[in-house]
Amino acid sequence: MKPLKNKVSITLDEDIIQKTKELAEEDDRSFSQYINMVLKNHIRKIEDVVQK
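When we follow the numbering used here, the leftmost residue of the sequence shown carries the number 540, and every step to the right adds one.
What follows is the structure in structure tokens.
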């Protein structure tokens, strides 16, 4: 079963939005899917550093 998702509202700089949309399109993902992937990867990296 897929984990539940929650809607959130955040404010981002326009240049970040544009670049993220470009990267998402290149990766054949939606904007939301791409942000979710990037945040998961970031959290994993931080957790790896903390555990060392």
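Ideal Cβ positions, reconstructed from N, Cα and C, are used throughout, including at glycine.
How would you call Ile-555, buried or exposed, if buried means at least 16 neighbouring beta carbons within 10 angstroms? By the neighbour-count rule (16 or more Cβ atoms within 10 Å), Ile-555 is not buried but exposed.
Simplified DSSP assignment, three categories, for Val-547: Note: Val-547 maps to coil in three-state DSSP.
Taking only three categories from DSSP, how would you classify Lys-584? If DSSP states are grouped into helix, strand and coil, Lys-584 belongs with the helices.
Cβ shell of Leu-562 (< 7 Å), same chain only, five flanking positions each side left out: Sequence-distant Cβ neighbours of Leu-562 in its own chain, meaning closer than 7 Å and more than five residues away, are Tyr-573.
My output table needs one value for Asp-566: the three-state DSSP class, helix, strand or coil. Of the three classes helix, strand and coil, the one that applies to Asp-566 here is coil, per DSSP.
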